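Have a look at the structure below before the remarks.
Numbering (the numbering used here), first residue to last: -9 to 220.
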């Protein structure tokens, strides 16, 4: 494995690991290289490796066993880990509204499940992502990648790998929401405060409140899609 030059290191490491698993023909139960070896091979830091490992755990692909190492639970390749689905349309407004219909169902359910299933570690992880989102938002007025990272942390807190698998399959389409659609950096900016109230609901294990806060965020997203596409 050669060092990774691109900025999105955690995602690149995830893809590199999938390629490694496939090329090495690892089988269920096989152990992956230790963390330090992966850090050296991919020229990335420990936090990036751990985020990639967490990503694979959320997909149900690997298992980290304390004091033992990281083990493969099922054979995978890059194509089985990331199989993007997208809409065949050049109309951004139409694509966003259609995707929002799916996103609303997935995210409301994920928020409710996360509220019921979250652990103390999940709360720490989500909280760190939210803190970073808020820091960047207050500094720059927009925080697309950090916003997405927070939502991914909620999916992981469900401890149901199907949520993350579905999101990975639709990631290309979903990412349009966080890439300044309509060239507007204020897109969905009004939803910013509701991310903290959503987090608080999950921490309190209040599933209905988590669903309500998620709906508030997505309602603002829908309003902005319709208003900014005029």
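No residue lacks a Cβ here, since even glycine has one placed at the ideal position from N, Cα and C.
Everything numeric in this text was worked out from a predicted model, so none of it was measured.
When Cβ pairs closer than 8 Å are counted between the two stretches, the stretch 59 to 68 is seen not to touch the stretch 101 to 111, the count staying below three. In chain order, 52 place their CB closer than 6 Å to the CB of residue 46, counting only its own chain and leaving out the 5 sequence neighbours on each side. Note: residue 61 is bridge-paired with 21 and 53 in the DSSP secondary-structure output. Contact between residue 96 and residue 167 does not hold, since the beta-carbon distance rounds to 13 Å and is not under 8 Å. Annotation for residue 135: the continuous alpha helix (DSSP H) segment containing it runs 134 to 147. Taking residue 40 as reference, the option from 115, 13 and 134 with the minimal CA-CA separation is 115. For residue 114, the enclosing alpha helix (DSSP H) begins and ends at 110 to 130. The Cβ atoms of residue 119 and residue 147 do not sit closer than 8 Å to each other. Fewer than three Cβ pairs drawn from the stretch 125 to 145 and the stretch 8 to 25 lie within less than 8 Å of each other, which leaves the two stretches out of contact.
The alpha carbon of residue 178 has as its nearest neighbour, out of 212, 14, 111 and 58, the alpha carbon of 212.
Excluding residues up to 5 positions away in sequence, 62 lie with their Cβ nearer than 6 Å to the Cβ of residue 16 in the same chain. DSSP, read as helix, strand or coil, puts residue 10 in helix. In the same chain as residue 193, and ignoring 5 residues on each side of it, the C-beta atoms closer than 7 Å to its own belong to 113, in chain order. Judged by their CB atoms, residue 43 and residue 100 are not nearer to each other than the 8 Å cut-off.
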